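Visitor: If you read the sequences in order, they're chains A and B. Residue numbers for the first sequence follow the UniProt record's numbering, so the first one is 1 and each next one is one higher. Residue numbers for the second sequence follow the UniProt record's numbering, so the first one is 1 and each next one is one higher.
Protein chains: 2
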Amino acid sequence: MTAQAFDPTEFRKALGTFATGVTIITARAADGTPIGLTANSFNSVSLTPPLVLWSLANTSASLDVFRAAEYWAVHVLATDQEELSARFARRGIDKFAGLDIETGHGNTPLLRGCTARFQCRTAFQYEGGDHQIFVGEVLGFDRAESAPLVFHGGRYAHATRRDAPDVKPRAAHLAGSFSEDFLGYLLGRSHFRFFAELRDALDAEGINDMEFYVLSTLTLKPVLTAQELAEGMAGVLDDRRKQALDSLVARTLAAARNRDGVAYELTEHGRDVALRLISRAKALESQVLERLGPDAPVLKSLLNRLLAEIDPTAAAIWQDPAAQRAAE
Amino acid sequence: MTAQAFDPTEFRKALGTFATGVTIITARAADGTPIGLTANSFNSVSLTPPLVLWSLANTSASLDVFRAAEYWAVHVLATDQEELSARFARRGIDKFAGLDIETGHGNTPLLRGCTARFQCRTAFQYEGGDHQIFVGEVLGFDRAESAPLVFHGGRYAHATRRDAPDVKPRAAHLAGSFSEDFLGYLLGRSHFRFFAELRDALDAEGINDMEFYVLSTLTLKPVLTAQELAEGMAGVLDDRRKQALDSLVARTLAAARNRDGVAYELTEHGRDVALRLISRAKALESQVLERLGPDAPVLKSLLNRLLAEIDPTAAAIWQDPAAQRAAE
Chain A
1 MTAQAFDPTE FRKALGTFAT GVTIITARAA DGTPIGLTAN SFNSVSLTPP
51 LVLWSLANTS ASLDVFRAAE YWAVHVLATD QEELSARFAR RGIDKFAGLD
101 IETGHGNTPL LRGCTARFQC RTAFQYEGGD HQIFVGEVLG FDRAESAPLV
151 FHGGRYAHAT RRDAPDVKPR AAHLAGSFSE DFLGYLLGRS HFRFFAELRD
201 ALDAEGINDM EFYVLSTLTL KPVLTAQELA EGMAGVLDDR RKQALDSLVA
251 RTLAAARNRD GVAYELTEHG RDVALRLISR AKALESQVLE RLGPDAPVLK
301 SLLNRLLAEI DPTAAAIWQD PAAQRAAE
Chain B
1 MTAQAFDPTE FRKALGTFAT GVTIITARAA DGTPIGLTAN SFNSVSLTPP
51 LVLWSLANTS ASLDVFRAAE YWAVHVLATD QEELSARFAR RGIDKFAGLD
101 IETGHGNTPL LRGCTARFQC RTAFQYEGGD HQIFVGEVLG FDRAESAPLV
151 FHGGRYAHAT RRDAPDVKPR AAHLAGSFSE DFLGYLLGRS HFRFFAELRD
201 ALDAEGINDM EFYVLSTLTL KPVLTAQELA EGMAGVLDDR RKQALDSLVA
251 RTLAAARNRD GVAYELTEHG RDVALRLISR AKALESQVLE RLGPDAPVLK
301 SLLNRLLAEI DPTAAAIWQD PAAQRAAE
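(1) Under 8 Å between beta-carbons, which chain A residues line up against Glu-127/B? List them in chain order, please.
(2) Less than 7 Å between CB atoms is the rule here; does Glu-285/A satisfy it with respect to chain B?
(3) Measure from the C-beta of Thr-217/B to each C-beta in chain A and report whether the shortest distance is under 7 Å.
(4) Using the C-alpha atoms, what's the distance from Ala-201/B back to Ala-250/B?
(5) Can you give me the start and stop residues for the beta strand (DSSP E) that Ser-44/A sits inside?
(6) Chain A beta carbons: is any one of them nearer than 7 Å to that of Asp-311/B?
(7) Expressed to the nearest angstrom, what Euclidean distance is found between the alpha-carbon atoms of Gly-140/A and Phe-6/B?
(8) Suppose you measure from the CA of Glu-137/A to the CA of Ser-44/A; what does that come to, to the nearest Å?
(9) If the cut is a Cβ gap below 7 Å, which residues of chain B does Ala-157/A touch?
(10) How would you call His-75/B, buried or exposed, if buried means at least 16 neighbouring beta carbons within 10 angstroms?
(11) Identify every run of the beta strand (DSSP E) within the UniProt domain "Flavin reductase like" (15 to 158) of chain A, keeping only runs that are complete inside it and at least 3 residues long; order them along the chain.
(12) With 7 Å as the threshold, decide whether the Cβ of Leu-248/A is near any Cβ in chain B.
(13) Output, in chain order, the set of chain B residues within a Cβ distance shorter than 8 Å of Arg-280/A.
(14) Helix, strand or coil: how does DSSP classify Glu-268/A here?
(15) Between Glu-265/B and the rest of its own chain, which residues show a CB-CB distance below 8 Å, the 5 nearest in sequence each way excluded?
(16) I need the DSSP call for Ala-255/A, collapsed to helix, strand or coil.
(17) Taking Cβ-Cβ distances shorter than 8 Å, what residues in chain B pair up with Glu-197/A?
(18) According to DSSP, Arg-161/A sits in a beta bridge with which residue or residues?
(19) Taking 7 Å as the CB-CB cut-off, is His-269/A touching chain B?
(20) Could you check what DSSP says for Leu-245/B in three-state terms: helix, strand or coil?
(21) Spell out the partners DSSP gives Thr-225/A in its beta bridges.
(22) Examine chain A for any beta-carbon lying closer than 7 Å to the beta-carbon of Asn-107/B, and answer yes or no.
(23) Does the CB of Phe-141/B have a neighbour CB from chain A at under 7 Å?
(24) Taking the beta carbon of Thr-17/A as the centre, do at least 16 other beta carbons fall within 10 Å, making it buried, or is it exposed?
(25) Between the region 119 to 129 of chain B and the region 143 to 159 of chain B, do at least 3 Cβ pairs fall closer than 8 Å?
(26) Would you report the Cα separation of Thr-26/A and Ile-25/B, rounded to the nearest angstrom?
(27) DSSP on Ile-310/B, reduced to helix/strand/coil?
(28) Quick one: is Phe-88/A near chain B, going by C-beta distance under 7 Å?
(29) Taking all protein chains shown into account, decide if Ser-41/B is buried (16 or more other Cβ within 10 angstroms of its Cβ) or exposed.
(30) Quick check on Leu-115/A - is its C-beta less than 7 Å from some C-beta in chain B?
(31) Taking C-beta pairs closer than 8 Å, name the residues in chain A that Val-288/B reaches, listed in chain order.
(32) Would you call Ala-272/A buried or exposed, if buried means 16 or more other Cβ atoms sit within 10 Å of its Cβ?
(33) Can you list the residues of chain B that Lys-300/A reaches, using a CB-CB cut of under 7 Å?
(34) How is the alpha helix (DSSP H) around Ala-204/A delimited, first residue to last?
(35) Give a yes or no on whether the C-beta atoms belonging to Leu-302/A and Leu-299/B are separated by under 7 Å.
(36) Can you pull the chain B neighbours of Val-135/A, defined as C-beta to C-beta under 7 Å?
Shown next as structure tokens:
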């Protein structure tokens, strides 16, 4: 860390290291027009009396309204409100168009679906350089249980709860061996355990793991050439894939489309079995994700990023052939 | 979301929905004593002039020092500074004991290892109910590239960057089939791809995947009973485990410890092979984690939580037998 010359861009970057939530602040103009803007300069100030603050640029088109407004409301945005955040950060559009608005103190427009809302009456307006600091007394508030939208380093972020800091991974007895925190172990274990929950359903259909991987891959497109299948499943126990495919064909779950056997499709029977198993797997996924709560999408997002790093071509098999051609 | 009666606990919870970074604010008392405290009420105010603010309770023992101090410094904490945060949130201890301190404007004590630091001169002190709002002109700052410590809902959190919101998972052609966002797919794919990178090393030792799982499990304890092995690897392709174990014994990589064959240990040759492969796997892990950057520990943390949900007994095999007995 070296001291910076005073460069505005660098100063912004340094300020951006402080993570914040994202809020939308609303008020009603004297002529009745609802106004609102996205701000991350919010913070709590006082409990008794209950005060919060935020600051607004002196160049903002909404400054006069907020200077004159006795009442305003702060909406703390939830993780799924990124679009709302973007909408209220834009200029020259009707930000409230199509929104289902409630009305609060002083006729202030209130948005729905936020993680918290604070209805305020201006207590102080303070000078703050090129911004005006608004301190409001909180007249009422409400709160919902949802994960927050976070802003950090100039972009949106997720917040996930930390594990207790004293949970240290245990090591194996053999020096140099894996600890239980090894990524390969975590991935393998999670994968196998997830599928172990499907074991009964697979056994009932007489399908083993590898056959299930091939079967579900065959649901992705109407017909998959042997090459697409090989590319789509590259790295997935390659030596056993052909064996599993042959077994599916022998049991009339899949069929070679051409006599030369270069492409495969599911039979009607195969589709039935695949959809039963997939339906069960999706139910299992829902249960697991529910237990992870608001952090579930973060896990998926990080696994997607991991795959983008270690397996950039993995997603090719999902692509619509038309889109694929357009991209070429 | 329903409006709350004005309960202080509920008000705190509502305020806690707004995520923040964590800062330590320091100053020098008139008698030369360094003082500092943890605060999350920091925010930026103005770019020209450069102003930031934070607020301090009127009941704080440090209030008089900050009221009198011309200079103070804000330290934005990095994700690995949770202990420092806790230390500066306590009372009645020498918070600076043992810390390697630098000195800034006005002899202000500066901490190291933070993600950003702002050296300030008080510009305004404003009334804020039971708190005092300090607005400081930033005289200098520095910044490091590190992930932030985040506070949300009364506890520490990680911030991870979001994927672009327009990346929607692609669906398969067959209605009811998996999309590429299916957790089972993400886990399986990540797992197989991770191990595919090890393929060359495994092939060089003549070891297949399943044999590698058994081999690395055998490094966890000096001797594993067949039951421990079965419990530790429950769900990991159970039908093939015995076959892999027999193959390892036949090739003198592992040995049945008792003639009755109820316990297994690695031979010296087996340990050599295991450690070579594990060393390679760890190097691979380092490369992958580096590419994920500061979000890597979050992925591990979420996989650990996933495992705790779907496989609560998975970690038993890692436990020190003495600790296990003590827990029983």
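Glycine is no exception: its CB is placed at the ideal position from the N, C-alpha and C atoms. Since this is a predicted model, take the numbers as computed values, not measurements.
Guide: Reading it off the structure:
(1) Phe-124
(2) yes
(3) no
(4) 21 Å
(5) 43 to 46
(6) yes
(7) 7 Å
(8) 10 Å
(9) Residues of chain B whose Cβ lies closer than 7 Å to the Cβ of Ala-157/A are, in chain order, Ala-159, Thr-160, Arg-161 and Arg-162.
(10) Buried is the call here.
(11) 23 to 28, 34 to 39, 43 to 46, 51 to 57, 71 to 76, 116 to 128, 131 to 143 and 150 to 152
(12) no
(13) Near Arg-280/A there are no residues of chain B at all, since even the closest Cβ is about 11 Å away, more than 8 Å.
(14) helix
(15) Listed in chain order, the non-local C-beta contacts of Glu-265/B below 8 Å within the same chain comprise Leu-218, Pro-222, Val-223, Leu-224, Ala-254, Ala-255 and Arg-257, local neighbours out to five positions each way being set aside.
(16) Strand at Ala-255/A.
(17) Ile-310
(18) Answer is Ala-157/B.
(19) No, its Cβ sits nowhere closer than 7 Å to a Cβ of chain B.
(20) helix
(21) Ala-263/A
(22) Not an interface residue.
(23) Yes, Phe-141/B counts as interfacial toward chain A.
(24) buried
(25) no
(26) 32 Å
(27) helix
(28) no
(29) buried
(30) A small fix is needed here, since residue 115/A is Thr in this sequence, not Leu. For Thr-115/A, the answer is yes, since a Cβ of chain B falls inside 7 Å of its Cβ.
(31) Leu-183, Leu-306, Glu-309 and Ile-310
(32) In the sequence as displayed, the identity of residue 272/A is Asp instead of Ala. With fewer than 16 Cβ atoms within 10 Å of its Cβ, Asp-272/A is classed as exposed.
(33) Asp-181, Leu-183 and Leu-186
(34) 199 to 205
(35) yes
(36) Gly-128
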